[in-house]
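The block underneath contains the structure these notes are about, expressed in structure tokens.
2 protein chains.
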Amino acid sequence: MTAEIICVGTELLLGDIVNGNAKFLARQLALLGIPHYYQVVVGDNRDRIKQAIAIAIDRGSKILIFTGGLGPTPDDLTCETIADFFGVPLVEEREVLADIAQKYASRGSKMNPSNRKQALIPQGASVLPNPAGTAPGIIWQKSAELTILTFPGVPSEMHRMWRETAVPYLKSKGWGKEMIYSRTLKFWGIGESALVEKIPPSILDMSNPTVAPYAGKGEVKLRISAKASSAETAGHLISPVEELLRQIGGLNCYGADDETLAEVVAQMLLAAGETLSVAESCTGGGLGSMLTTVAGSSNYFQGGIISYDNQVKVDQLGVNPAELALSGAVSDVVAQQMAVGVQKLMGTTWGLSITGIAGPGGGTESKPVGLVYVGLAAADGVQSFEHRFGSQQDRDMIRHRSACSALDHLRRQLSTREETKTRFVDL
Amino acid sequence: MTAEIICVGTELLLGDIVNGNAKFLARQLALLGIPHYYQVVVGDNRDRIKQAIAIAIDRGSKILIFTGGLGPTPDDLTCETIADFFGVPLVEEREVLADIAQKYASRGSKMNPSNRKQALIPQGASVLPNPAGTAPGIIWQKSAELTILTFPGVPSEMHRMWRETAVPYLKSKGWGKEMIYSRTLKFWGIGESALVEKIPPSILDMSNPTVAPYAGKGEVKLRISAKASSAETAGHLISPVEELLRQIGGLNCYGADDETLAEVVAQMLLAAGETLSVAESCTGGGLGSMLTTVAGSSNYFQGGIISYDNQVKVDQLGVNPAELALSGAVSDVVAQQMAVGVQKLMGTTWGLSITGIAGPGGGTESKPVGLVYVGLAAADGVQSFEHRFGSQQDRDMIRHRSACSALDHLRRQLSTREETKTRFVDL
Numbered sequence: 001m002t003a004e005i006i007c008v009g010t011e012l013l014l015g016d017i018v019n020g021n022a023k024f025l026a027r028q029l030a031l032l033g034i035p036h037y038y039q040v041v042v043g044d045n046r047d048r049i050k051q052a053i054a055i056a057i058d059r060g061s062k063i064l065i066f067t068g069g070l071g072p073t074p075d076d077l078t079c080e081t082i083a084d085f086f087g088v089p090l091v092e093e094r095e096v097l098a099d100i101a102q103k104y105a106s107r108g109s110k111m112n113p114s115n116r117k118q119a120l121i122p123q124g125a126s127v128l129p130n131p132a133g134t135a136p137g138i139i140w141q142k143s144a145e146l147t148i149l150t151f152p153g154v155p156s157e158m159h160r161m162w163r164e165t166a167v168p169y170l171k172s173k174g175w176g177k178e179m180i181y182s183r184t185l186k187f188w189g190i191g192e193s194a195l196v197e198k199i200p201p202s203i204l205d206m207s208n209p210t211v212a213p214y215a216g217k218g219e220v221k222l223r224i225s226a227k228a229s230s231a232e233t234a235g236h237l238i239s240p241v242e243e244l245l246r247q248i249g250g251l252n253c254y255g256a257d258d259e260t261l262a263e264v265v266a267q268m269l270l271a272a273g274e275t276l277s278v279a280e281s282c283t284g285g286g287l288g289s290m291l292t293t294v295a296g297s298s299n300y301f302q303g304g305i306i307s308y309d310n311q312v313k314v315d316q317l318g319v320n321p322a323e324l325a326l327s328g329a330v331s332d333v334v335a336q337q338m339a340v341g342v343q344k345l346m347g348t349t350w351g352l353s354i355t356g357i358a359g360p361g362g363g364t365e366s367k368p369v370g371l372v373y374v375g376l377a378a379a380d381g382v383q384s385f386e387h388r389f390g391s392q393q394d395r396d397m398i399r400h401r402s403a404c405s406a407l408d409h410l411r412r413q414l415s416t417r418e419e420t421k422t423r424f425v426d427l
Numbered sequence: 428m429t430a431e432i433i434c435v436g437t438e439l440l441l442g443d444i445v446n447g448n449a450k451f452l453a454r455q456l457a458l459l460g461i462p463h464y465y466q467v468v469v470g471d472n473r474d475r476i477k478q479a480i481a482i483a484i485d486r487g488s489k490i491l492i493f494t495g496g497l498g499p500t501p502d503d504l505t506c507e508t509i510a511d512f513f514g515v516p517l518v519e520e521r522e523v524l525a526d527i528a529q530k531y532a533s534r535g536s537k538m539n540p541s542n543r544k545q546a547l548i549p550q551g552a553s554v555l556p557n558p559a560g561t562a563p564g565i566i567w568q569k570s571a572e573l574t575i576l577t578f579p580g581v582p583s584e585m586h587r588m589w590r591e592t593a594v595p596y597l598k599s600k601g602w603g604k605e606m607i608y609s610r611t612l613k614f615w616g617i618g619e620s621a622l623v624e625k626i627p628p629s630i631l632d633m634s635n636p637t638v639a640p641y642a643g644k645g646e647v648k649l650r651i652s653a654k655a656s657s658a659e660t661a662g663h664l665i666s667p668v669e670e671l672l673r674q675i676g677g678l679n680c681y682g683a684d685d686e687t688l689a690e691v692v693a694q695m696l697l698a699a700g701e702t703l704s705v706a707e708s709c710t711g712g713g714l715g716s717m718l719t720t721v722a723g724s725s726n727y728f729q730g731g732i733i734s735y736d737n738q739v740k741v742d743q744l745g746v747n748p749a750e751l752a753l754s755g756a757v758s759d760v761v762a763q764q765m766a767v768g769v770q771k772l773m774g775t776t777w778g779l780s781i782t783g784i785a786g787p788g789g790g791t792e793s794k795p796v797g798l799v800y801v802g803l804a805a806a807d808g809v810q811s812f813e814h815r816f817g818s819q820q821d822r823d824m825i826r827h828r829s830a831c832s833a834l835d836h837l838r839r840q841l842s843t844r845e846e847t848k849t850r851f852v853d854l
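Chains U and A, in that order, give the protein sequences. Quick note, the first sequence lines up with residues 1 to 427 if you use the numbering used here. Quick note, the second sequence lines up with residues 428 to 854 if you use the numbering used here.
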């Protein structure tokens, strides 16, 4: 049962928007284990939509999935063109019409005459309800060999309709029996090739589960994907590989799936009942912003000083002006004094600081763009860490990697301390 | 001369990545005025690549643009499949081979035997050089009716090859004589429908230039697009419409094209020789981070206080504890005291503050999620501004809109003050 994705919309041909719907559906089909070999984009044009249907059927695609062209305007042609292709009339669905009218009423406005069009579906097709919008889709099993599904182009509406109606329908037909389940391990502080080289070839060459590396923005990911008939079976396939990869990655592995460095640090600080403050120079608030993406971060994050100007480093953080003049703002010693300064000022368990050269200007031979120091003040002392992200990196990337690296250093401290504690208890 | 985009890559069929290459090429073709009616995605599979070529030719596409499948591995099949389809042998290009070897040598590594494959191109085709990578593309004018271009899937390589070689080639052929030039005006502080309603229908219905509204993340854009044979002609078409739309938008229009609120504020502060500091609660550093995306921001941005905890508001910013207890942290009065506090502490011309409820928790009936106050301290006094972004908005969006709104309030102050000055001089 192979599927084909047909996206309708002139805005895709004009390059106004990226085709996120095709990516979403492709991923969903892969997870369901339904193969698909073709994606097609056509504009809002009757002849070309019909041609796409003919080609798809001709090459043996059995499930045609359409997105876009279900709106109320004259250039929304998907549904009527499908009916026309198969030579059946459109019929008005009363329940759909009532639903559309009710949705307009709830927004305090009246249905336009043009919205009636959205209640028309090809004779013989079923309505694919759209709880989030006015344009319903259809599910039309034309024959044992051909099923048609249509979705509006609005991603949020399409996603919900897919999950709530299309997936149960496809499963009820016995398609998508074997689904792909995956788990993504996330790593910081190690490069892609260095990590991959540590993994035995036998693991990288497995076929179920598979292990695939991805890298970007300073982070490396390993995705373990298993094809199985249930989540439980998939878990049995994935778990031993995950365990091995976590061992190989060691401290570099900071989490899995949607976990972020800020969330991992949050959990550790909450568990320990400890607090954090930050002192930021080149990131300008980016570290604090990253920490406070986590809801409830006020339970461990006190605040910080954005010491962009050197005077703020001296006045607010107590950095020694002589040291600042001697070593420069981008130095080990200033990073340390910033971290200790904010830790004392805000009375927190930890103080975390960043000072560096984000570029594009301001670099010298001895202190190039991309040179960044992270300071970490704890109860028992202060450390600093030097990073050289490379002067070819752009400003945004250097700032992003600086903030992530700062969080990562704190994470490592919190992790190794916990390991030490555990080891101590073991003895 | 219609084009067709054929993207090759199993990763697209698996939904691992979004098809940004199709969007890029679609936009570029639109800008060049070369129509294209179809985009196709196929996997790394000989038969299906051949089928896509046959269909494209059959439906009259004259320029076939391929992306992906040019790498050194066995599943990179695009180039050899194209040669196979047209029944011509592959020939090794010595210069390409030397270039690949040199690129490996400059990285301090040796060329793999598999890389030889990347120097093979169909007999009769020309090399489309890849200055940024090892996989060159081809330009192959098979006949007056058929031209084939191939690009690697790596976006940065593809973009450069497109701009440096493909565009001059297409123009030299006389295609893309009339290009689309556009100018995008950017607005903050007004909704899409409110803005569009102010624009005369005669402007919205024009065909050259066209005016199209876009909205997202609290911002509204109006794109003016003109089809013309030169940038100068396009400028004559666009300018009067731009002038009119700027008048209609008034103070809500903050800039054009790639300009950001942070850059506009930067230019105004630099011109006035004035400085800024920030005090942030719910944004946690996001406003400072936004300001420091601009290189050279140290010339006007002094720094800030991230007063996430109330104690920091009192200790560092001098917020009155009694007022804080009475009005709550999310209030007009606290926003004002935060702004004045940081302005004094850092000795800056302006102090800009944010305090609000970003959610998802923490909202009450009188102070719902999405309620945000911005404080703005100037030399001659302090103001505050209330925003209600709506409790259905997510945490990230509320924080983003808060930081942008704060910048926007400062921009309006700087703009109106300049207008007042100008008016005064006029009298």
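The beta carbon of each residue, even a glycine, is placed where N, CA and C say it ideally should be.
In this structure residue 748(A) is exposed. Its beta-carbon is surrounded by fewer than 16 other beta-carbon atoms within 10 angstroms. Within chain U, the residues placing a beta-carbon under 7 Å from that of residue 463(A) are 13, ordered along the chain.
The Cβ atoms of residue 826(A) and residue 637(A) do not sit closer than 9 Å to each other.
The beta carbon of residue 470(A) sits closer than 9 Å to some beta carbon of chain U.
In terms of Cα proximity to residue 221(U), the closest of 88(U), 402(U) and 193(U) is 193(U). In this structure, the CA atom of residue 752(A) is about 17 Å from the CA atom of residue 743(A). In summary, the residues of the region 787-800 of chain A whose CB is separated from some CB of chain U by less than 7 Å are 787 and 788, in the order they occur in the chain. Contact of residue 728(A) with chain U by beta-carbon distance below 7 Å involves 308.
Taking 9 Å as the threshold, the shortest C-beta distance from residue 720(A) to chain U falls below it. Judged by DSSP secondary structure, residue 386(U) falls within the beta strand (DSSP E) whose first and last residues are 381-388. Under the Cβ distance rule, residue 88(U) does not count among the residues neighbouring chain A, no pair being separated by less than 9 Å.
Sorting 778(A), 799(A), 586(A) and 731(A) by C-alpha distance to the C-alpha of residue 494(A) places 586(A) at the top. Residue pairing from DSSP places residue 375(U) in a beta bridge opposite 353(U) and 384(U). DSSP, reduced to helix, strand and coil, places residue 486(A) outside both helices and strands of the structure shown, so it counts as coil. Between residue 705(A) and the set 679(A), 719(A) and 466(A), the nearest pair of CA atoms involves 719(A).
Between the alpha carbons of residue 534(A) and residue 560(A) lies a gap of roughly 12 Å.
When beta bridges are read from the DSSP output, residue 36(U) appears opposite 3(U). Residue 688(A) carries a helical assignment under DSSP once its states are collapsed to helix, strand and coil.
At least 9 Å separates the CB of residue 257(U) from every CB of chain A. Following the DSSP letters along the chain, one finds residue 640(A) inside the beta strand (DSSP E) bounded by residues 637-643. Under the three-state reduction of DSSP output, residue 77(U) falls in the coil class, being neither helix nor strand. For residue 575(A) and residue 130(U), the gap between their C-alpha atoms comes out near 42 Å.
When Cβ pairs closer than 8 Å are counted between the two stretches, the region 306-316 of chain U is seen not to touch the region 233-250 of chain U, the count staying below three.
Here the alpha carbons of residue 17(U) and residue 370(U) stand approximately 33 Å from one another.
Rounded to whole angstroms, residue 707(A) and residue 823(A) show a C-alpha spacing of 15 Å. Secondary structure in the region 520-597 of chain A: the beta strand (DSSP E) runs of 3 residues or longer, each lying completely within the stretch, are 547-549, 553-555, 564-570 and 573-578 in chain order. Taking the Cα positions, residue 524(A) is about 26 Å away from residue 433(A). Around residue 480(A), the same chain offers 512 as residues with beta carbons nearer than 6 Å, after the five sequence neighbours per side are excluded.
Look at the beta carbons and you see the region 826-846 of chain A touching the region 678-692 of chain A: at least three pairs across the two are nearer than 8 Å. Taking a 10 Å sphere around the C-beta of residue 105(U), we find fewer than 16 other C-beta atoms and assign the residue as exposed.
For residue 706(A), the three-state secondary structure derived from DSSP is strand. Between residue 111(U) and residue 103(U), the alpha-carbon positions lie close to 9 Å from each other.
In the DSSP assignment, residue 219(U) is bridged to 188(U) and 216(U).
A distance below 9 Å separates the beta carbons of residue 555(A) and residue 564(A). As the crow flies, the alpha-carbon of residue 151(U) is around 39 Å from that of residue 297(U).
Closer than 9 Å to the CB of residue 614(A) there is not a single CB belonging to chain U.
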